[in-house]
Ligand SMILES: Nc1nc2c(c(=O)[nH]1)N[C@H]1C(S)=C(S)[C@@H](COP(=O)(O)OP(=O)(O)OC[C@H]3O[C@@H](n4cnc5c(=O)[nH]c(N)nc54)[C@H](O)[C@@H]3O)O[C@H]1N2
Ligand SMILES: Nc1nc2c(c(=O)[nH]1)N[C@H]1C(S)=C(S)[C@@H](COP(=O)(O)OP(=O)(O)OC[C@H]3O[C@@H](n4cnc5c(=O)[nH]c(N)nc54)[C@H](O)[C@@H]3O)O[C@H]1N2
Ligand code: SF4
Ligand SMILES: [Mo]
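Residue numbers (full-length UniProt numbering): 1 to 628.
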């Protein structure tokens, strides 16, 4: 029996316990933190337990104000609100948004409620941080998930980190599995990122394509491999489809013009192609930096792996470096509008039959709205919303717009542990327990499903999301929502091909490496698709903008207002290190102030800002900026 519980913060999945002082966590040995270490964030995780701002009682809106209410009354109000919308406008006027901080069982219950009421409008917001990589993985390999086991990275020869900063964002994963492999001399780390970051220190090679041109760089590497015959012919013949058409298409990409498009030398293309060809085992580590080009970069990375037979063997494959603690599990449990629990397609008849058996009603067949599609429809096609443990009220896209949308709903029910921009618009707020206070399972960034063990009681009248969703579900859909977390876990195991493996093992059914025999596609083969690339244009005199740390700081990190600016560019602009500069969108719609940080750690023509500082620019849709 594993000790302690799982860290409630990030998808690394370290084990920890609450220390004697109640304020700090102590590490417990676990598969993700084999030496029992924690990062600075994890150590502070227990602070939430005694936070005086925790929600401790249900709230309902009366005459414009949120006032305390009994659970009976609050749940009745919530159920009546949602049922009223369904009766008047139909089930597709409801949307269910959850729950990357919640357990697999809670997420399963949430999507079950949506589908039992007749809609596939169920999604989770953390999907957005890996949307394009996940989409490419589904289309090409089958599952939106890391294909390898983190502890197999000690067999890897070449690690390719693209748009990722695991040294900071997944620190214990990095220190447990990446750093040792590189330091032992077994693995080489090559980094592709427009700026240097903390991960760069471990890299033997840092390639900095112009922002927006990573895909072209990687396609040129693939073209080189194809041209030189450095491909795995047996793998291509036996395990893939579409290679011939793909090879024809990349034959048109020549390294010299690709170098001009990307601002990276043709030699760098060759150097990375050589490194890939020389390695027996190649693994990719990709995070939110690959999400900027409609899937072109993740697709090029999957091309590279499939071309060289670097998937389906230990120490090879694609690492989807998930962010929040159960972002992987929320999606696996079915909180996606286009897939059922266990990533079964909506039209999978055997999955549908199992669900109908468990629920008494089959899920709808038509895909629902994604969260991104649902938000603009609030107040129009979407009238009633249930939000579990996320905060759509804060959006990099447009805060005021989202606030207006939330306010225009007929009914909004929110399960959270704190008041937020979203609870401010709610008709009913239901106080939830946090990860350290509840049982269930969560799934790490490499598919490991670990059991939680409650370390404290929820404050006041707060209840687990599982219990709250049970209360709502029984009111709205009857007895299918009875039972405890164990019952839900058994049901999930019965309806999903992925769930129900041994505690602490990876899905599916304890498999460490995905796709050893076949891919999870219709014909069992990995698919090649036509490579796509659209060059982005940076206007004369403007700089390409890179935004880092978009994932925020779990509310614990202060943003930084430094503008990273290349030494040559600074000289040309007459800006010195420490000078205050104004950073504006090209048309001048939005401007932010920043402090120049002059460095060779960013390529010329490109500047970088922390997400907090860049927010107004990002909301204005800026990919290029002017500096004054
Ligand atoms: N402005 C802005 N926008 C962002 C980001 C950002 O940093 N800033 N980051 C982007 C990224 S990478 C991501 S992953 C998403 C994250 O988006 P969200 O999922 O909205 O992220 P959080 O704000 O971490 O958490 C949402 C809420 O969950 C609550 N919560 C925590 N644990 C539990 C629990 O066990 N039960 C319940 N019911 N509630 C719980 C918290 O109190 C918080 O109010 O946002 C994206 N958008
Ligand atoms: N301490 C802490 N850790 C966290 C979180 C947290 O809030 N605090 N949040 C978690 C969450 S929800 C998430 S999603 C993850 C995010 O984890 P990451 O995605 O690793 O986070 P970032 O540092 O935002 O981005 C990584 C890199 O992408 C690069 N990048 C930006 N644009 C491009 C581009 O066009 N091409 C390339 N090649 N690179 C680009 C940036 O320069 C940056 O170095 O972190 C998780 N871990
Ligand atoms: S790396 Fe992630 S899971 Fe591990 S202690 Fe830090 S925040 Fe928690
Ligand atoms: Mo995220």
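Idealized CB from N, CA, C, for every residue including glycine. Bear in mind the structure is a predicted one, so any value in this text is a computation, not a measurement.
C-alpha distance - residue 601 paired with residue 320, whole-angstrom precision: Taking the chain shown and counting its residues from 1, one reaches residue 601 at position 601. Taking the chain shown and counting its residues from 1, one reaches residue 320 at position 320. Inter-residue distance for residue 601 and residue 320 is about 25 Å (C-alpha atoms, whole angstroms).
Buried or exposed: which applies to residue 124, given that a residue is buried once 16 or more other Cβ atoms fall within 10 Å of its Cβ? On the chain shown, position 124 is the one that residue 124 refers to. Residue 124 is buried by the Cβ-count criterion.
Report the option in 210, 294, 278 and 85 whose CA atom is closest to the CA atom of residue 545. Looking up residue 545 in the chain shown gives position 545. Considering only alpha carbons, the answer is 210.
For residue 516, count neighbouring C-beta atoms within 10 Å of its own C-beta (all shown protein chains included) and say buried if the count is 16 or more, exposed if not. Numbered from 1 along the chain shown, position 516 holds the residue referred to as residue 516. By the 10 Å Cβ count, residue 516 comes out exposed.
Which partner residues does residue 102 have in the DSSP bridge list? Residue numbering aside, residue 102 sits at position 102 when the chain shown is read from its first letter. For residue 102, which the question treats as bridged, DSSP gives no partner whatsoever.
Quick check on residue 222: does DSSP put it in helix, strand or coil? For the purposes of this step, residue 222 is identified with residue 222 of the chain shown, where counting begins at 1. Reduced to three states, the DSSP call for residue 222 is helix.
Counted within 10 angstroms of its Cβ, other Cβ atoms place residue 104 as buried (16 or more) or exposed: Position 104 of the chain shown, counted from the start, is the residue given in the question as residue 104. Taking all protein chains shown into account, residue 104 has 16 or more neighbouring C-beta atoms within 10 Å of its C-beta and is therefore buried.
Where the alpha helix (DSSP H) through residue 235 begins and ends: As a first step, residue 235 must be located in the chain shown, where it is residue number 235. Per DSSP, the unbroken alpha helix (DSSP H) holding residue 235 starts and ends at 233-239.
Residue closest to residue 22, alpha-carbon to alpha-carbon, out of 373, 118, 51 and 273: Along the chain shown, one-based indexing puts residue 22 at 22. Of 373, 118, 51 and 273, the residue nearest in Cα terms is 51.
Look up residue 566 in the DSSP assignment and give the residues it is bridged to. Residue 566 sits at position 566 when you count from the first residue of the chain shown. Listed as beta-bridge partners of residue 566 by DSSP are 599.
Could you check what DSSP says for residue 498 in three-state terms: helix, strand or coil? Along the chain shown, one-based indexing puts residue 498 at 498. DSSP places residue 498 in coil when its eight states are reduced to three.
Whose C-alpha, out of 10, 376 and 2, is nearest the C-alpha of residue 323? Sequence index remark: in the chain shown, residue 323 carries index 323 (1-based). For residue 323, the nearest C-alpha among the options comes from 10.
Between which two residues does the beta strand (DSSP E) harbouring residue 371 extend? To locate residue 371, count along the chain shown from 1; it is residue 371. No beta strand (DSSP E) contains residue 371, which is instead part of the alpha helix (DSSP H) from 371-377.
For residue 182, which of helix, strand or coil comes out of DSSP? In the chain shown, the residue the question calls residue 182 occupies position 182. DSSP, read as helix, strand or coil, puts residue 182 in helix.
Close beta carbons around residue 17, own chain, < 6 Å, minus the five adjacent residues each side: Within the chain shown, the letter at position 17 stands for residue 17. A distance below 6 Å between beta-carbons, with the five flanking residues on each side excluded, links residue 17 to the following residues of its chain, in chain order: 4, 26 and 28.
Rounded C-alpha distance that separates residue 481 from residue 473: The residue given as residue 481 occupies position 481 in the chain shown. The residue given as residue 473 occupies position 473 in the chain shown. About 5 Å.
Less than 8 Å between the beta carbons of residue 369 and residue 113, yes or no? Along the chain shown, read from residue 1 onward, the residue named residue 369 stands at position 369. Along the chain shown, read from residue 1 onward, the residue named residue 113 stands at position 113. No; because the gap between Cβ atoms is not below 8 Å, this pair is not in contact.
Answer yes if the segment 528-535 comes into contact with the segment 241-250, meaning at least three C-beta pairs across the two stretches below 8 Å, and no otherwise. Output reads yes: the segment 528-535 touches the segment 241-250.
Is residue 159 closer than 8 Å to residue 189 when the C-beta atoms are compared? On the chain shown, position 189 is the one that residue 189 refers to. On the chain shown, position 159 is the one that residue 159 refers to. In this structure, residue 159 lies closer than 8 Å to residue 189 by Cβ.
Classify residue 327 as buried or exposed, calling it buried when 16 or more other Cβ atoms lie within 10 Å of its own Cβ. Mapped onto the chain shown, residue 327 falls at position 327. Its Cβ being crowded by 16 or more others within 10 Å, residue 327 is buried.
Helix, strand or coil: which one does DSSP assign to residue 317? Here residue 317 refers to the residue found at position 317 of the chain shown. Per DSSP, reduced to three states, the secondary structure at residue 317 is strand.
By DSSP, does residue 573 sit in helix, in strand, or in coil? The count along the chain shown starts at 1 and reaches residue 573 at position 573. If DSSP states are grouped into helix, strand and coil, residue 573 belongs with the helices.
Residue 193: beta carbon under 7 Å from a heavy atom of ligand 5? In terms of ligand content, the structure shown lacks ligand 5 and carries ligand 1, ligand 2, ligand 3 and ligand 4 instead.
State buried or exposed for residue 163, treating a residue as buried only when at least 16 other CB atoms are found within 10 Å of its CB. Taking the first residue of the chain shown as 1, we reach residue 163 at position 163. Buried, because 16 or more other Cβ atoms sit within 10 Å of the Cβ of residue 163.
Let me check understanding here. Comparing Cα to Cα, which of 307, 72 and 345 lies closest to residue 236? The residue you call residue 236 lines up with position 236 of the chain shown. Comparing Cα positions, the closest option is 307.
Report yes if the C-beta distance between residue 376 and residue 120 is below 8 Å; otherwise report no. Along the chain shown, read from residue 1 onward, the residue named residue 376 stands at position 376. Along the chain shown, read from residue 1 onward, the residue named residue 120 stands at position 120. For residue 376 and residue 120, no; Cβs fall outside 8 Å.
Using 8 Å for Cβ pairs, my map puts residue 172 next to residue 12. What's the rounded Cβ distance? For this step, residue 172 is matched to residue 172 along the chain shown. For this step, residue 12 is matched to residue 12 along the chain shown. Contact between residue 172 and residue 12 holds, with the beta-carbon distance rounding to 5 Å and staying under 8 Å.
Helix, strand or coil at residue 68 according to DSSP, with G and I counted as helix: Taking the chain shown and counting its residues from 1, one reaches residue 68 at position 68. Residue 68 falls in the strand class under three-state DSSP.
Is residue 164 near ligand 4 - that is, is its Cβ less than 7 Å away from at least one heavy atom of it? Translated into the one-based positions of the chain shown, residue 164 becomes position 164. Exclusion of residue 164 from the 7 Å shell around ligand 4 follows from its C-beta lying no nearer than that to any non-hydrogen atom of the ligand.
Roughly how many angstroms separate the alpha carbons of residue 270 and residue 467, rounded to a whole number? Position 270 of the chain shown holds residue 270. Position 467 of the chain shown holds residue 467. Approximately 57 Å, taken between the alpha carbons.
Alpha carbon to alpha carbon, what distance is there between residue 569 and residue 506? Counting from one through the chain shown, the residue named residue 506 turns up at place 506. Counting from one through the chain shown, the residue named residue 569 turns up at place 569. Cα to Cα, the separation comes out at about 48 Å.
Smallest Cα separation from residue 336: which of 111, 452 and 216? On the chain shown, position 336 is the one that residue 336 refers to. Of all alpha-carbon atoms in 111, 452 and 216, the one lying nearest the alpha-carbon of residue 336 is that of 111.
At which residue ranges does the segment 45-89 contain complete beta strand (DSSP E) runs of 3 or more residues, listed in the order of the chain? Listed in chain order, the beta strand (DSSP E) runs fully inside the segment 45-89 are 59-62 and 65-68, counting runs of at least 3 residues.
So who's on the other strand from residue 96, going by DSSP bridges? Residue 96 sits at position 96 when you count from the first residue of the chain shown. 122 and 386, per the DSSP bridge assignment.
Among the residues of its own chain, which have a CB less than 6 Å from the CB of residue 312, if the five just before and after it don't count? On the chain shown, position 312 is the one that residue 312 refers to. For residue 312, where only same-chain residues beyond five positions count, the Cβ hits under 6 Å are 515 and 516.
Under a three-way DSSP split, which group does residue 202 fall into? Start at 1 with the first residue of the chain shown, and residue 202 comes out as number 202. When DSSP states are grouped into helix, strand and coil, residue 202 belongs to the helix group.
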